[in-house]
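K.L.:
Numbering (my numbering), first residue to last: 126 to 235.
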């Protein structure tokens with residue numbers, strides 16, 4: 126699976142220089158979050174395609190046409206929303222861990 130490769134497709138396409146990605150890549154928590162997001166999108170879109178095929182195969186033409194217009198937007202909105210929530214959660218977790226490590230370093234020095 127691509128998520129276990131040394132460099133992910135999205136990161137490679139960004140040239141490894143996109144904003145803080147190159148600098149943040151050295152942190153295992155960032156890499157883990159990036160991999161989770163990549164897997165979610167990689168699983169989400171084939172699932173969306175499978176749902177659309179099932180709708181076409183089992184429903185009327187009119188309903189399938191409506192769904193073919195709505196389902197992709199729904200998946201994009203849901204995946205984007207999940208990505209934002211998950212990335213903010215991971216960011217807060219990393220900040221909390223960094224604060225705890227800094228606090229432990231200050232306590233040990235005192």
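We put the CB at the ideal spot given by N, CA and C, even for glycine.
Measuring CB to CB, does residue 208 end up less than 7 angstroms from residue 162?
P.N.:
It is a contact, given that the beta carbons lie within the stated cut-off.
K.L.:
Give the DSSP-derived three-state secondary structure of residue 193 in the structure shown.
P.N.:
Note: residue 193 maps to helix in three-state DSSP.
K.L.:
Do residue 204 and residue 167 come within 7 angstroms of each other at the CB atom, strictly closer than that value?
P.N.:
Contact flag unset, no.
K.L.:
Around the C-beta of residue 158, are 16 or more other C-beta atoms found within 10 angstroms, so that it is buried, or is it exposed?
P.N.:
Result: buried.
K.L.:
Mapping the DSSP letters down to three states, classify residue 205 as helix, strand or coil.
P.N.:
Helix, per DSSP.
K.L.:
Which two residues bound the contiguous alpha helix (DSSP H) that contains residue 152?
P.N.:
Residue 152 -> no alpha helix (DSSP H), and no H or E assigned at all.
K.L.:
List the whole-angstrom C-beta distance separating residue 189 from residue 180, where the pair is believed to meet the contact cut-off of C-beta under 8 angstroms.
P.N.:
5 angstroms between Cβ atoms; contact.
K.L.:
Is residue 155 closer than 7 angstroms to residue 147 when the C-beta atoms are compared?
P.N.:
Taking 7 angstroms as the Cβ cut-off, residue 147 and residue 155 do not qualify as a contacting pair.
K.L.:
Any idea what DSSP makes of residue 185, helix, strand or coil?
P.N.:
Coil at residue 185, not helix or strand.
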